[in-house]
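Numbering (our numbering), first residue to last: 40 to 187.
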């Protein structure tokens with residue numbers, strides 16, 4: 040399958056992408072169609088998985104969150120990536136940037152896989168950081184693609 044012109048073949052996804060997918064938000068529908076339903080290498084961190092779980096648990100309940108995580112694991116669409124090197128790279132991102140540690144992990148993972156960092160929606164701190172200190176790899180916000 041051909042890649043979308045807006046999305047590279049290797050993606051480091053933020054928890055917001057998974058949350059939007061499981062809650063049926065418009066950016067989640069795009070993620071389903073253009074990311075999870077395509078032949079792409081999609082990665083996320085355990086921190087993103089934990090964030091996804093607790094937000095789904097709060098939004099719905101723990102049974103829904105467990106079911107969503109089991110579905111995610113069974114499909115194999117997302118590869119979970121963890122290493123000490125990734126931890127240090129995320130720490131360096133946090134040292135240099137004014138964004139959350141979770142977002143620093145997405146940036147670190149994008150750098151490690153030589154891909155793009157993908158967020159469901161613009162976050163004020165991430166957008167400001169991109170203007171002040173571009174990371175050297177693509178950063179994609181799915182909400183920008185929903186209207187295209």
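For glycine and all other residues, C-beta sits at the position ideal for the given N, C-alpha and C.
Through-space distance from residue 81 to residue 41, alpha-carbon basis: Working through the chain shown from its first residue, we reach residue 41 at position 2. Working through the chain shown from its first residue, we reach residue 81 at position 42. For residue 41, the pLDDT reaches just 39, beneath the cut-off of 50, and the residue's location in the model is therefore unreliable, leaving the point undetermined.
Coil, strand or helix - residue 163 by DSSP: Taking the chain shown and counting its residues from 1, the one referred to as residue 163 is at position 124. The DSSP-derived three-state label of residue 163 is helix.
Selection from 76, 170, 155 and 156 that minimises the alpha carbon distance to residue 114: Along the chain shown, one-based indexing puts residue 114 at 75. Put simply, of 76, 170, 155 and 156 the residue whose alpha carbon is nearest the alpha carbon of residue 114 is 76.
Ordered list of beta strand (DSSP E) runs contained in the stretch 95-129, each at least 3 residues: You should have 117-119.
Cβ-Cβ distance between residue 154 and residue 51 below 8 Å: By 1-based counting over the chain shown, the position of residue 154 is 115. By 1-based counting over the chain shown, the position of residue 51 is 12. It is a contact, given that the beta carbons lie within the stated cut-off.
Backbone secondary structure at residue 79 - three-state DSSP: Translated into positions along the chain shown, residue 79 becomes position 40. Of the three classes helix, strand and coil, the one that applies to residue 79 here is coil, per DSSP.
For residue 136, the three-state DSSP class (helix, strand or coil): Locating residue 136 in the chain shown gives position 97, counting from the first residue. Look at residue 136 here: in three-state DSSP terms it is coil, with no helix or strand label.
CB of residue 185 within 8 Å of CB of residue 65, strictly: Start at 1 with the first residue of the chain shown, and residue 185 comes out as number 146. Start at 1 with the first residue of the chain shown, and residue 65 comes out as number 26. Their beta carbons are under 8 Å apart, which means residue 185 touches residue 65 by this criterion.
Per DSSP, the bridge partner or partners of residue 52: Stepping through the chain shown from its first residue, residue 52 is reached at position 13. Answer by DSSP bridge pairing, in chain order: 157.
6 Å CB neighbourhood of residue 58 in its chain, flanking five on each side removed: Numbered from 1 along the chain shown, position 19 holds the residue referred to as residue 58. Taken in chain order, the residues that qualify are 91 and 94.
Sequence-distant residues of its chain with Cβ nearer than 7 Å to residue 180 (five each side left out): Within the chain shown, residue 180 is the residue found at index 141, counting from 1. 158, 160 and 161.
Sub-8 Å separation of residue 148 and residue 125 beta-carbons: On the chain shown, residue 148 is found 109 positions in, with the first residue counted as 1. On the chain shown, residue 125 is found 86 positions in, with the first residue counted as 1. By the CB criterion at 8 Å, residue 148 and residue 125 fall inside the cutoff.
For residue 119, the nearest candidate out of 86, 62 and 69 (CA to CA): On the chain shown, residue 119 is found 80 positions in, with the first residue counted as 1. The option with the nearest alpha carbon to residue 119 is 86.
Cβ shell of residue 146 (< 7 Å), same chain only, five flanking positions each side left out: One-based indexing of the chain shown puts residue 146 at position 107. These residues qualify, in order along the chain: 132, 156 and 174.
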